[in-house]
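Numbering (this note's numbering), first residue to last: 26 to 230.
Virtual Cβ for every residue (Gly too), placed ideally from N, Cα, C.
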């Protein structure tokens, strides 16, 4: 595996990243497609993911076969089919429906920092996922996910809190995800060896 770079995102030759901002030390693995999105520093996308119109924070862990912003169809119309809004693909002289795609973009997905999204999960349009949250494998997330919670199932529901009371708020205040690269390295053994509360006791002001 190639070493990750501060200046050059690692995008697999079979992956596609279009109209997307990729942060430092980011990685997009094989056959994944990410468009009209932001991928924050140190975040990675594993194989066979589809991501559209999503704002993704730092240190986000996206497993394979995840879909972010699985787009909606027009349930209020006489037909669900995309010939109405992708008309240019079907009819000479017809154009695509710009306002429909604008409506979709208005329902972007937002993912906080240090989130883990498990294999095969789907996050529906307009959902926000808080810092430190975990989305279980195969979950379908139709509602916002609170910070530092673990959710799973179809539709996704709360399984449990990650930490005890106040730990999440203190972690947000510490905001270690904004630390310089060298500071992260200096704290590496504590990231490895301390639980969240002990880590906060050592590093929180």
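Presumed contact (8 angstroms Cβ cut-off) between residue i and residue j, rounded CB distance
i: residue 87; j: residue 69; result: 7 angstroms
i: residue 83; j: residue 202; result: 4 angstroms
i: residue 229; j: residue 199; result: 5 angstroms
i: residue 255; j: residue 122; result: Because the chain is modelled from 26 through 230, residue 255 falls outside the range shown and cannot be assessed.
Beta-carbon spacing of residue i, residue j below 9 angstroms
i: residue 181; j: residue 161; result: yes
i: residue 179; j: residue 164; result: yes
i: residue 183; j: residue 166; result: no
i: residue 34; j: residue 52; result: yes
i: residue 56; j: residue 78; result: no
Residue i to residue j span [Cα, whole Å]
i: residue 61; j: residue 44; result: 5 angstroms
i: residue 131; j: residue 105; result: 19 angstroms
i: residue 128; j: residue 195; result: 36 angstroms
i: residue 125; j: residue 223; result: 49 angstroms
i: residue 159; j: residue 91; result: 13 angstroms
i: residue 103; j: residue 110; result: 13 angstroms
i: residue 226; j: residue 96; result: 43 angstroms
i: residue 173; j: residue 120; result: 44 angstroms
i: residue 89; j: residue 190; result: 32 angstroms
From the options, residue whose alpha carbon lies closest to that of residue i
i: residue 63; options: 107, 219, 135; result: 135
i: residue 170; options: 96, 120, 153; result: 153
i: residue 50; options: 146, 214, 85; result: 85
i: residue 157; options: 188, 168, 147, 144; result: 188
i: residue 74; options: 177, 175, 147; result: 147
Check: residue i C-beta below 8 angstroms from any heavy atom of the ligand HEM
i: residue 122; result: Although the ligand HEM was asked about, the structure shown includes no ligands whatsoever.
*List in chain order: all unbroken beta strand (DSSP E) runs of 3+ residues lying wholly within the segment 92-142.*
134-136
*At what residue ranges does the segment 137-191 contain a whole run of the beta strand (DSSP E), taking only runs of 3 or more?*
174-177, 182-186
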